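Below is one structure; the comments refer to it alone.
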Amino acid sequence: MEDLLLYLTNGVFMGTTYALVALGVTLIVGIMGVVNFAHGELYVLAGYFSALFAQAMGFDPLSSMLVAVALIFLFGLVIERILIRPTYGQEMYSLIITFILYIILQNAYLVIFGPYPNKPPSWVTGASNLFGLFMYGNQRLASFAAAAAVIAVFMVVMHKTWLGRVIRSVAMDREMASLLGVNTQRVNMLSFGLGCVLAACAGVILTPVFPVTPTVGVGISLTAFVVMILGGLGSLTGCIVGGLLLGIVENLGVGYVSSGYKHLFGFVILILVLFFRPTGLFGQKQL
Amino acid sequence: MKRYWKLLAMLAVLVMTFSGMAGIALADETIKIGIVGPRTGTAAATGTAFEEGIALALDKIQGAGGILGKKVEVVFEDTAGDPAKAASGIEKLITKDKVVIVLGESHSSAALAEIEVANRNKVPFIIAEAWHDDITKKNYPYVFRAGPCNSGVVNDSIMGFVKQYKFKKVAIFAETTDWGKGIKELAEKGLKGLGVEYMTIDTETKSQDHYAELNKVKKFKPDLILAFVYGFGVHYLIAQAGEAGIVPSQALLLEGAGPPSLWPEFWKTVGKYGNLELFVSRMHEKVLLTAVAKDYDAAYRKKFNKAPTDYKSRSIYDVILIAADGIKRAGSTDSDKLVKSLEDTNLEVSSGKVKFGTEKGTYAYHQWQPPMLIVQWQDEKQVVVYPMDAKTGDLKK
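Those protein sequences? They're chains F and G, same order as listed.
So the number in this note's numbering is just where the residue sits in the first sequence, counting from 1, plus 120.
So the number in this note's numbering is just where the residue sits in the second sequence, counting from 1, plus 12.
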């Protein structure tokens, strides 16, 4: 029982991080039909920024995180305006452009930040005894709470606010939304920026637990794509469920089967889900 | 008009001829050495260490007039620890850059791919830091290793340490790479031979989260964890083992690769859980075994304005000196003469006196095992705790 609780706890923590990372990719795919290969690199950049502002400029953790997220949002708007917008309607072009961007950014990080891992100071230190059964890192618990809060706020914005309705209307029927006066180009730009904000939030929240290196973005993007496909392309709810499912399955697999094939469990569950539900768990082109 | 064309054609031929000759003359003025190693990927820090070692070795060699009166040119190919990239990288060094010898590497998986290419092309290859036994066990005539091998590290150092300090229960934590699998099997065999109870956890190379795995370790209640995880992964493992309440209170952790415990971000990532951590190393600031080690230490501090930490910069430095010595004694860059010359090596480098094994049949062929130290972090200071004749302090538990 103690083992199961630990695996589930860690699975929920990892799953929440997966969901947060994947939500940004899903949003951009759902609204714009653009697969952003550089999503993981934006996560990494936010991690570097938060470390830089906290260490070199002496910002407190919260301020360094907020500035990092704001900068990534602006960077996202610039990417959309200069690189993505000219490719609208040509999905393959946007795919190639974001792929090139991923390579450029990764190499730039190596030159600028060097090969070593980088992290901002932990918000909290030490570990807590959970359920009186096992020790769990306090920073992990804090990061989990922050990630869950960001996901909750994002879902409220998407489902309960005017902005969310506008974004979802474009995802449902772009032409109709346009006829009703929605500036779809601006929604695209905002959605891309928002997707980048989610990547940045994941970066600043998780970097104190998993320090960033120039190449860590590859794994982040890959996990995000797996979660997105698992949950169903374009489904935000599916993304959250998919992330949690992946985190829990990986941990149970490591705990009860074998630790040497951790990532294999994720792919097995993906194949199984796609076999029985080819559109993913919540697959439909509706946000 | 026709005459002008003829004149132009003649001029073109002359220009091409002379420029070609100039090219040949230029090529002849340098001796090209190829280096392979990770400049990207999870062990990109090793690439930085290699760059430092290359710079120092070149300063020394060029300052002494080069080799055979020629300047040395180094071409460094990134292999990223990826066998496919490594094979194409060394192929490029040999066929396009026309290097006379290849040196370096620190990933066994990459090195196992590279030795096939070097041996096929009959170009000498001296490995600095890839430890898998099979690298020299294949007994390829053009492949040498002037660095640690798994058998040497496990049998000579780690098992001696376990026996000396009477550890009773050991957990092995090994990544699923060629190096990890190889060293894990040797450690299991060694522990069985010592009658020490052990358990083994295989972990994925790129895994950042080890909580579920550490839960199994905690229940086993070891007094020592052997962590055969390379790169930044071992930082995460130490931090999480600390959070889980395993290190250092329940067990000590011996990191089996070395340099990651010396990388600049180590303390920032592992925090207080890094205290009492142990690691295998070829270098310690108070253990300068030879005059070359002292020279290297002084030159490093002068050039980089800091103390040397990552011993892999010194490993590549040594290997370049071995190659330079081999070429000098061969009096030629001919591959076969070079192999013969390397087999006769009797050179003092920073880690000791290099002599390659020449008897075929085992991993000891073309292998030179440098002495290894086991170092413990004690209040952020490095203390050598094994071997006993090199000790600079007592082991703390």
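All C-beta atoms in this analysis are idealised placements derived from N, C-alpha and C, irrespective of residue type, glycine included.
These numbers come from a predicted model, not from an experiment.
Test item: CB-CB of residue i and residue j under 9 angstroms
| i | j | result |
| --- | --- | --- |
| Ile-258 of chain G | Lys-298 of chain G | no |
| Ser-325 of chain G | Ser-363 of chain G | no |
| Val-202 of chain G | Gln-379 of chain G | It should be noted that the sequence gives Gly, not Val, for residue 202 of chain G. No, they are not a contact pair. |
| Gly-246 of chain F | Glu-392 of chain G | no |
| Thr-212 of chain G | Thr-189 of chain G | no |
| Ile-148 of chain F | Ser-355 of chain F | no |
| Gly-144 of chain F | Ala-319 of chain F | yes |
| Val-304 of chain G | Leu-266 of chain G | no |
| Trp-191 of chain G | Leu-290 of chain G | no |
| Leu-354 of chain G | Val-112 of chain G | no |
| Ile-340 of chain F | Tyr-163 of chain F | yes |
Contact set between residue i and chain C, taken where Cβ atoms lie within less than 8 angstroms
| i | result |
| --- | --- |
| Asn-227 of chain G | No chain C is part of this structure, whose protein chains are labelled F and G. |
Outcome for residue i when other beta-carbon atoms lying within 10 angstroms are tallied against a minimum of 16
| i | result |
| --- | --- |
| Asp-330 of chain G | buried |
| Trp-282 of chain F | exposed |
| Pro-50 of chain G | buried |
| Gly-301 of chain F | exposed |
| Lys-374 of chain G | The question names Lys, but residue 374 of chain G in the sequence shown is Thr. Burial call: exposed. |
| Asn-371 of chain F | buried |
| Ala-414 of chain G | Because chain G here runs from 13 to 409, residue 414 of chain G falls outside it and cannot be looked at. |
| Met-384 of chain G | buried |
| Lys-382 of chain F | buried |
| Met-400 of chain G | exposed |
| His-279 of chain F | exposed |
| Ala-39 of chain G | Any reading at Ala-39 of chain G needs caution, since the residue's pLDDT is 48, under 50, leaving its predicted position unreliable; the model's value is listed next. Flag for Ala-39 of chain G reads exposed. |
| Val-231 of chain F | exposed |
| Leu-342 of chain F | exposed |
| Gln-210 of chain F | exposed |
| Lys-280 of chain G | buried |
| Thr-218 of chain F | buried |
Local conformation of residue i per DSSP, three classes
| i | result |
| --- | --- |
| Ser-362 of chain G | coil |
| Asp-190 of chain G | helix |
| Ala-34 of chain G | Bear in mind that the predicted position of Ala-34 of chain G carries a pLDDT of just 40, short of 50, making it unreliable; the figure below should be weighed with that in mind. DSSP places Ala-34 of chain G in helix when its eight states are reduced to three. |
| Gln-394 of chain G | strand |
| Asp-214 of chain G | strand |
| Tyr-152 of chain G | coil |
| Gln-388 of chain G | strand |
| Phe-278 of chain G | helix |
| Gly-119 of chain G | One point to set straight first is that residue 119 of chain G is His, not Gly, in the sequence displayed. Correct three-state label for His-119 of chain G: coil. |
| Tyr-329 of chain G | helix |
| Tyr-138 of chain F | helix |
| His-144 of chain G | coil |
| Arg-157 of chain G | strand |
| Trp-282 of chain F | helix |
| Val-299 of chain G | strand |
| Leu-20 of chain G | The predicted position of Leu-20 of chain G is uncertain, since its pLDDT is 49 and thus under 50; no value can be drawn from it. |
| Asn-227 of chain F | helix |
| Val-155 of chain F | coil |
| Val-259 of chain G | coil |
| Val-174 of chain G | helix |
| Asn-131 of chain G | helix |
Proximity to residue i [Cα-Cα], best of the options
| i | options | result |
| --- | --- | --- |
| Gly-167 of chain F | F:Cys-316, F:Ile-360 and F:Val-369 | F:Cys-316 |
| Pro-241 of chain F | F:Leu-365, F:Leu-128, F:Gly-337 and F:Leu-326 | F:Leu-326 |
| Gln-381 of chain G | G:Ala-311, G:Arg-294, G:Thr-189 and G:Tyr-154 | G:Arg-294 |
| Thr-148 of chain G | G:Lys-318, G:Glu-41 and G:Ser-120 | G:Ser-120 |
| Phe-173 of chain G | G:Thr-321, G:Leu-300, G:Leu-301 and G:Leu-206 | G:Leu-206 |
| Leu-215 of chain F | F:Gly-252, F:Ala-158 and F:Arg-260 | F:Ala-158 |
| Met-185 of chain F | F:Leu-310, F:Val-270, F:Phe-345 and F:Leu-221 | F:Val-270 |
| Gly-367 of chain F | F:Asp-123, F:Tyr-127, F:Leu-124 and F:Gly-135 | F:Gly-135 |
| Gly-358 of chain F | F:Gly-153, F:Asn-130, F:Leu-230 and F:Thr-146 | F:Thr-146 |
| Leu-288 of chain G | G:Pro-260, G:Ala-269, G:Asp-309 and G:Lys-315 | G:Pro-260 |
| Phe-264 of chain F | F:Ala-319, F:Tyr-138 and F:Glu-161 | F:Tyr-138 |
| Met-255 of chain F | G:Ala-224, G:Val-111 and G:Ile-139 | G:Ala-224 |
| Ile-389 of chain F | F:Tyr-376, F:Ser-379 and F:Gly-351 | F:Gly-351 |
| Lys-228 of chain G | F:Gly-375, F:Ser-248 and F:Asn-130 | F:Gly-375 |
| Ala-76 of chain G | G:Phe-244, G:Lys-340, G:Gly-268 and G:Glu-355 | G:Lys-340 |
For residue i: DSSP bridge partner residues
| i | result |
| --- | --- |
| Ala-183 of chain G | G:Met-211 and G:Ile-237 |
| Thr-42 of chain G | G:Lys-83 |
| Gly-49 of chain G | G:Asp-90 |
| Glu-267 of chain G | G:Ala-239 and G:Phe-291 |
| Val-114 of chain G | G:Gly-46 and G:Phe-137 |
| Ser-100 of chain G | None, per the DSSP bridge assignment. |
| Met-255 of chain F | F:Asn-249 |
| Tyr-377 of chain G | G:Gly-369 |
| Val-332 of chain F | F:Asn-238 |
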